[in-house]
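J.: Numbering (my numbering), first residue to last: 464 to 767.
A virtual CB, placed ideally from N, CA and C, is assigned to each residue, including glycine.
Remember, predicted model here, so these are calculated numbers, not experimental data.
1. Give the list of continuous beta strand (DSSP E) stretches no shorter than 3 residues that lie fully inside the region 705-741.
2. So for residue 507, helix, strand or coil by DSSP?
3. Relative to the C-alpha of residue 736, which candidate in 626, 532, 581 has its C-alpha closest?
4. Grab me the residues of residue 750's own chain with a C-beta within less than 6 Å of its C-beta, minus the 5 sequence neighbours each way, in chain order.
5. Is it true that the region 610-619 meets the region 738-745, where meeting means three or more beta-carbon pairs spaced less than 8 Å apart?
6. In chain order, what residues of the same chain have a beta carbon less than 8 Å from the beta carbon of residue 605, not counting five sequence neighbours either side?
7. Cutting at 7 Å between CB atoms, please list the residues of its own chain near residue 534, excluding the five before and the five after it.
8. Using only the alpha-carbon positions, how far apart do residue 557 and residue 767 sit?
9. Since residue 530 is in the beta strand (DSSP E), which residue starts that stretch and which ends it?
10. From what residue to what residue does the alpha helix (DSSP H) around residue 637 run?
11. Out of 746, 717, 703, 574, point me to the one whose CA is closest to residue 728's CA.
12. Are the beta-carbon atoms of residue 528 and residue 550 separated by less than 9 Å?
13. Let me make sure I understand the geometry here. Which of 464, 733, 519, 506 has the alpha-carbon closest to that of residue 471?
14. So, helix, strand or coil for residue 767, using DSSP?
15. From the DSSP output, which residues share a beta bridge with residue 496?
16. Thinking C-alpha only, which one of 579, 490, 572 is nearest residue 540?
17. Smallest Cα separation from residue 673: which of 560, 576, 618, 464?
18. Under three-state DSSP, which class holds residue 748?
19. Under 8 Å by Cβ, that's how I've got residue 464 and residue 479 pegged, so tell me the actual separation to the nearest angstrom.
20. Assign residue 479 to one of three DSSP states: helix, strand, or coil.
21. Should residue 563 be labelled buried (16 or more other beta-carbon atoms within 10 Å of its own) or exposed?
22. Return the CA-CA distance between residue 526 and residue 625, expressed in angstroms with no decimal places.
23. If you run the structure through DSSP and keep just helix, strand and coil, what is residue 670?
24. Could you check the C-alpha separation between residue 484 and residue 467 for me, to the nearest Å?
25. Pick out whichever of 715, 546, 761, 473 has its Cα sitting closest to the Cα of residue 592.
26. Starting from the Cα of residue 607, find the closest Cα among 719, 671, 641 and give me that residue.
27. Since I believe residue 723 is in contact with residue 583 (beta carbons under 8 Å), could you give me their beta-carbon distance rounded to a whole number of angstroms?
28. I need the straight-line Cα distance from residue 693 to residue 710, nearest angstrom please.
29. Given this structure, state the Cα-to-Cα distance separating residue 698 from residue 675, to the nearest angstrom.
30. Please return the same chain residues whose Cβ sits closer than 6 Å to the Cβ of residue 732, not counting the five positions on each side in sequence.
31. Does residue 549 come out as helix, strand or coil in the three-state DSSP assignment?
32. How many angstroms separate the CA atom of residue 748 from the CA atom of residue 654?
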């Protein structure tokens, strides 16, 4: 099968086409014919060498997929050949076919297309999980969401709106702020390059932080004594020493993605896709470069 892999770390031009054998699935795995994959920050960082040593190469990147099951392992009973599914495999989705354990899978509703499902699989699922499950956000509470025009933040924002937040504050780029002001005019958005979110005058019930670092440290000052901060980044030294409820979290099972896809199916959640293109080496390299240079508002998705 055709894959795109890296044999060394570096810029987008280290992405290379290759051929790999497709072996049978293990007893708890399925094989998916891939129909869409999104450009995710994790893969940009991995390609640049931020997550591992040369001993892990060559490596097929790609952390989101949507496709159709073509073969199942002997002990798979909850999915069948022909099912339309999505998942976040954390690598290996820049490939025509992907083997993956069923615990990561979610069925795609009939009225959700492959590009929408792939765009939701990593960042959107992470943001939805952060607000619904990790923060356990409640109606009438207040929340600050960093990077709210990105996939994690935008999903978290929509979850807070759906629950019925009392007040929502958000940070975004200038482009992101323009997008969010049209999407949700009643929330307060800070352009993080020119405005200081620490000017918020009240203490908050919840903070969703996909940014980390100094942003995380400043956010701690805004949290109520019984408030919660959840981050997809490492905890800072200040956060580790804090008596507040501050935790990192990571993506869990496909059950969360299934719930999110159902919300998308019902029109409750919007998936913002900036651009789609056919999956090939040229377009993949181009989308990696575009993501790094422009940070587009919306997902970049490649169709197989």
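T.: The relevant details are as follows:
1. 708-711, 736-741
2. Stepping through the chain shown from its first residue, residue 507 is reached at position 44. Correct three-state label for residue 507: helix.
3. Residue numbering aside, residue 736 sits at position 273 when the chain shown is read from its first letter. Cα-wise, what sits closest to residue 736 is 581.
4. Numbered from its first residue, the chain shown carries residue 750 at position 287. Cβ within range, chain order: 502, 763.
5. no
6. In the chain shown, counting from the first residue as 1, residue 605 sits at position 142. Same-chain partners within the cutoff: 628, 629, 630, 631, 632, 665, 667, 668, 669.
7. In the chain shown, the residue the question calls residue 534 occupies position 71. Contacts found: 488, 493, 494, 544.
8. Position 94 of the chain shown, counted from the start, is the residue given in the question as residue 557. Position 304 of the chain shown, counted from the start, is the residue given in the question as residue 767. Using only the alpha carbons, I get a separation of about 10 Å.
9. On the chain shown, residue 530 is found 67 positions in, with the first residue counted as 1. Counting along the chain, the beta strand (DSSP E) containing residue 530 begins and ends at 528-535.
10. On the chain shown, residue 637 is found 174 positions in, with the first residue counted as 1. Here the alpha helix (DSSP H) through residue 637 covers 637-646.
11. Residue mapping note: residue 728 aligns to position 265 of the chain shown, counting from 1. Selected option, being the one with the closest Cα: 574.
12. What you label residue 528 is simply residue 65 of the chain shown in a count that begins at 1. What you label residue 550 is simply residue 87 of the chain shown in a count that begins at 1. Yes, the pair counts as a contact, with Cβ atoms nearer than the cut-off.
13. For the purposes of this step, residue 471 is taken as the residue at position 8 of the chain shown. Ranking 464, 733, 519, 506 by Cα distance to residue 471 puts 519 first.
14. As a first step, residue 767 is located in the chain shown; it is residue number 304 there, counting from the start. Three-state result, residue 767: coil.
15. Locating residue 496 in the chain shown gives position 33, counting from the first residue. Answer by DSSP bridge pairing, in chain order: 531, 560.
16. Taking the first residue of the chain shown as 1, we reach residue 540 at position 77. Residue 490 is the option with its Cα nearest to residue 540.
17. Position 210 of the chain shown, counted from the start, is the residue given in the question as residue 673. Selected option, being the one with the closest Cα: 618.
18. One-based indexing of the chain shown puts residue 748 at position 285. Helix, per DSSP.
19. Your numbering for residue 464 matches position 1 in the chain shown. Your numbering for residue 479 matches position 16 in the chain shown. Not really, about 15 Å apart at Cβ, beyond 8 Å.
20. Position 16 of the chain shown, counted from the first residue, corresponds to residue 479. Three-state result, residue 479: strand.
21. As a working note, residue 563 is residue 100 in the chain shown. With 16 or more other Cβ atoms within 10 Å, it is buried.
22. The count along the chain shown starts at 1 and reaches residue 526 at position 63. The count along the chain shown starts at 1 and reaches residue 625 at position 162. Their Cα atoms are separated by approximately 27 Å.
23. Locating residue 670 in the chain shown gives position 207, where the first residue counts as 1. Strand.
24. Working through the chain shown from its first residue, we reach residue 484 at position 21. Working through the chain shown from its first residue, we reach residue 467 at position 4. Each residue's Cα considered, the two are about 13 Å apart.
25. What you label residue 592 is simply residue 129 of the chain shown in a count that begins at 1. Cα-wise, what sits closest to residue 592 is 715.
26. Numbered from 1 along the chain shown, position 144 holds the residue referred to as residue 607. Per the Cα distances, 671.
27. Taking the chain shown and counting its residues from 1, one reaches residue 583 at position 120. Taking the chain shown and counting its residues from 1, one reaches residue 723 at position 260. So it is a contact: roughly 6 Å between Cβ atoms.
28. Working through the chain shown from its first residue, we reach residue 693 at position 230. Working through the chain shown from its first residue, we reach residue 710 at position 247. Roughly 5 Å separates the two Cα atoms.
29. Numbered from 1 along the chain shown, position 235 holds the residue referred to as residue 698. Numbered from 1 along the chain shown, position 212 holds the residue referred to as residue 675. Distance between the alpha carbons of residue 698 and residue 675 is about 7 Å.
30. Numbered from 1 along the chain shown, position 269 holds the residue referred to as residue 732. The answer, listed in chain order, is 621, 726.
31. To locate residue 549, count along the chain shown from 1; it is residue 86. Of the three classes helix, strand and coil, the one that applies to residue 549 here is strand, per DSSP.
32. The residue given as residue 748 occupies position 285 in the chain shown. The residue given as residue 654 occupies position 191 in the chain shown. Whole-angstrom Cα-Cα distance: 29 Å.
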